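A.B. asks:
2 protein chains.
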Amino acid sequence: MKTNLELSESLENYLETILDLEKTSKVARTKDIAAKLAIKPGSVTGALKVLGEKGLINYSPYAFITLTPEGKRIALDINHRHRTLKYFLHEILQVDVATADATACRMEHAIDPESLKKLICFVDFVRECPRTGADWLDHFSKYCRSEQVNREKCSSCLKKLPAKIEEK
Amino acid sequence: MKTNLELSESLENYLETILDLEKTSKVARTKDIAAKLAIKPGSVTGALKVLGEKGLINYSPYAFITLTPEGKRIALDINHRHRTLKYFLHEILQVDVATADATACRMEHAIDPESLKKLICFVDFVRECPRTGADWLDHFSKYCRSEQVNREKCSSCLKKLPAKIEEK
DNA sequence: ATAAAAAGTTAGGTTAAACAAACAAATATC
DNA sequence: GATATTTGTTTGTTTAACCTAACTTTTTAT
Numbered sequence: 001m002k003t004n005l006e007l008s009e010s011l012e013n014y015l016e017t018i019l020d021l022e023k024t025s026k027v028a029r030t031k032d033i034a035a036k037l038a039i040k041p042g043s044v045t046g047a048l049k050v051l052g053e054k055g056l057i058n059y060s061p062y063a064f065i066t067l068t069p070e071g072k073r074i075a076l077d078i079n080h081r082h083r084t085l086k087y088f089l090h091e092i093l094q095v096d097v098a099t100a101d102a103t104a105c106r107m108e109h110a111i112d113p114e115s116l117k118k119l120i121c122f123v124d125f126v127r128e129c130p131r132t133g134a135d136w137l138d139h140f141s142k143y144c145r146s147e148q149v150n151r152e153k154c155s156s157c158l159k160k161l162p163a164k165i166e167e168k
Numbered sequence: 169m170k171t172n173l174e175l176s177e178s179l180e181n182y183l184e185t186i187l188d189l190e191k192t193s194k195v196a197r198t199k200d201i202a203a204k205l206a207i208k209p210g211s212v213t214g215a216l217k218v219l220g221e222k223g224l225i226n227y228s229p230y231a232f233i234t235l236t237p238e239g240k241r242i243a244l245d246i247n248h249r250h251r252t253l254k255y256f257l258h259e260i261l262q263v264d265v266a267t268a269d270a271t272a273c274r275m276e277h278a279i280d281p282e283s284l285k286k287l288i289c290f291v292d293f294v295r296e297c298p299r300t301g302a303d304w305l306d307h308f309s310k311y312c313r314s315e316q317v318n319r320e321k322c323s324s325c326l327k328k329l330p331a332k333i334e335e336k
């Protein structure tokens, strides 16, 4: 079954899409996969055969498509990378949500495990650390527009910080 | 000349490599491009023709290869994306430098202009804002290992912060 | 100055991923 | 339950990017 563990970007996208369709429609259909990936149904069939041979989906012609346990494990992993990147782009960098989603979809194939782990940790840390968190992200947002920090304001901002630890 | 503005990931890598070789050796040679990209020289020739047709490099058989102004502009842009991502991965997320470089090399083709702009801004902001900066990154590093924040320590950390504004 | 070595190119082949269009199966409708 | 529609598959092509191996040009060394 496990012909080759290395999945191309394209095959990763198929798995991700199938997972997504399983969630919303219980089952994935060729037509819907094609629609989501903006490709023709004929191209989908070819990919499904490959995924079937790799043991990642249950595929037989004309039947509904479902992920195998191994396929699901991989799909969830891809989805996790996607969500992490999207969260970082949208919630931290404040990139608009559609762009964040599209870029996450491309970057998810490029990120390595170490960077992903650190990114997850970073996102948590920004949230957890009293020195950062939501209000700090607001400051970032303003900085993005003005491209500079105001030392006057920094001074008063810093003074208000000790109160933050109480809130938690 | 400008046959098509959209460059594949592969062609972007060629341009980036040529820029790199121009910097170190004044000129790029087929053999060196092949070595850097870990592909065979025969494959390089094909790509060079395409880049030549697109007006991005000065290419004629057996001659040295140089970037045209347009090619250089694009190569510098790719390089900029690469450096930004590498900086973020290595200096902020503290991913080891070789991994950061390799991942940046893959992500540079996936990031969109808005996300790049925000990322550049973010990296600056982390450096500029008195609430973050180098010592905050040390805290992140510790957090990465322990996976939790120590509220006791947070309290004393916050109290030391106002002094930070003076330093700047 | 020429022969050997190195570098570069060409030609033909492979693979992955898409396409279009003809065809087959399944589902829905009357 | 027959037929029309929808859905899915097959077949044959295309394209990009690589490969190998033969060949050509350039460079180096004697």
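For the protein sequence lines, the chains are A and B, in the order given. The first sequence: position 104 = 104 (our numbering), numbered continuously. Residues are numbered in our numbering as their position in the second sequence, beginning at 1, plus a constant of 168. All C-beta atoms, glycine included, are put in the ideal place defined by N, C-alpha and C. Note that the coordinates shown come from a computational prediction; the quantities given were computed from them, not determined experimentally.
Would you grab the beta carbon distance between residue 233/B and residue 195/B for me? Rounded to a whole angstrom, and I think it's under 8 Å.
C.D. replies: In the second sequence, the residue the question calls residue 233/B occupies position 65. In the second sequence, the residue the question calls residue 195/B occupies position 27. Right, their Cβ atoms sit about 7 Å apart.
A.B. asks: What's the gap between the Cα of residue 153/A and the Cα of residue 297/B?
C.D. replies: Here the question's residue 153/A lines up with position 153 in the first sequence. Here the question's residue 297/B lines up with position 129 in the second sequence. The alpha-carbon atoms of residue 153/A and residue 297/B are separated by roughly 11 Å.
A.B. asks: Buried or exposed for residue 200/B, please, with buried defined as at least 16 other CB atoms from any protein chain shown within 10 angstroms of its CB.
C.D. replies: As a first step, residue 200/B is located in the second sequence; it is residue number 32 there, counting from the start. Classification of residue 200/B: buried, given that the 10 Å Cβ count is 16 or more.
A.B. asks: Report the three-state DSSP secondary structure of residue 203/B (helix, strand or coil).
C.D. replies: As a first step, residue 203/B must be located in the second sequence, where it is residue number 35. The answer is helix: DSSP assigns residue 203/B an H, G or I state.
A.B. asks: Starting from the Cα of residue 169/A, find the closest Cα among 118/A, 5/A, 156/A and 90/A and give me that residue.
C.D. replies: Residue numbering for chain A in the displayed model covers 1 to 168; residue 169/A lies beyond these limits and cannot be assessed.
A.B. asks: Identify whether residue 235/B lies in helix, strand or coil by the three-state DSSP scheme.
C.D. replies: Here residue 235/B is taken as the residue at index 67 of the second sequence, counted from 1. DSSP places residue 235/B in strand when its eight states are reduced to three.
A.B. asks: Within the 8 Å Cβ cut-off, does residue 279/B reach chain A?
C.D. replies: Working through the second sequence from its first residue, we reach residue 279/B at position 111. Closer than 8 Å to some Cβ of chain A, the Cβ of residue 279/B qualifies, so yes.
A.B. asks: Using C-beta distances below 7 Å, list every residue in its chain close to residue 13/A, excluding the 5 sequence neighbours before and after it, in chain order.
C.D. replies: If you number the first sequence from 1, residue 13/A lands on position 13. Excluding residues within five positions, the ones whose Cβ falls inside 7 Å are 37.
A.B. asks: In chain A, which residues lie with their C-beta within 7 Å of the C-beta of residue 296/B?
C.D. replies: On the second sequence, residue 296/B is found 128 positions in, with the first residue counted as 1. Residues of chain A passing the Cβ test: 149.
A.B. asks: Just curious, the alpha helix (DSSP H) that residue 305/B is in, first and last residue?
C.D. replies: On the second sequence, position 137 is the one that residue 305/B refers to. Unbroken alpha helix (DSSP H) run through residue 305/B: 302–314.
A.B. asks: What is the DSSP secondary structure of residue 110/A, counted as helix, strand or coil?
C.D. replies: As a position in the first sequence, residue 110/A is number 110, starting the count at 1. In this structure, residue 110/A counts as coil in the three-state DSSP scheme.
A.B. asks: Exposed or buried, what is residue 24/A when buried is set at 16 or more other beta-carbons lying within 10 Å of its beta-carbon?
C.D. replies: Here residue 24/A refers to the residue found at position 24 when the first sequence is read from its first residue. Residue 24/A should be labelled exposed.
A.B. asks: For residue 70/A, I'd like the list of residues in its chain whose CB is within less than 7 Å of its CB, leaving aside the five on either flank, ordered along the chain.
C.D. replies: Start at 1 with the first residue of the first sequence, and residue 70/A comes out as number 70. Excluding sequence neighbours, residue 70/A sits near 55 and 56.
A.B. asks: DSSP three-state call for residue 150/A: helix, strand or coil?
C.D. replies: As a first step, residue 150/A is located in the first sequence; it is residue number 150 there, counting from the start. Correct three-state label for residue 150/A: coil.
A.B. asks: What do you get for residue 49/A, buried or exposed, if any count of 16 or more other CB atoms within 10 angstroms of its CB means buried?
C.D. replies: On the first sequence, position 49 is the one that residue 49/A refers to. Exposed, by the Cβ-count rule.
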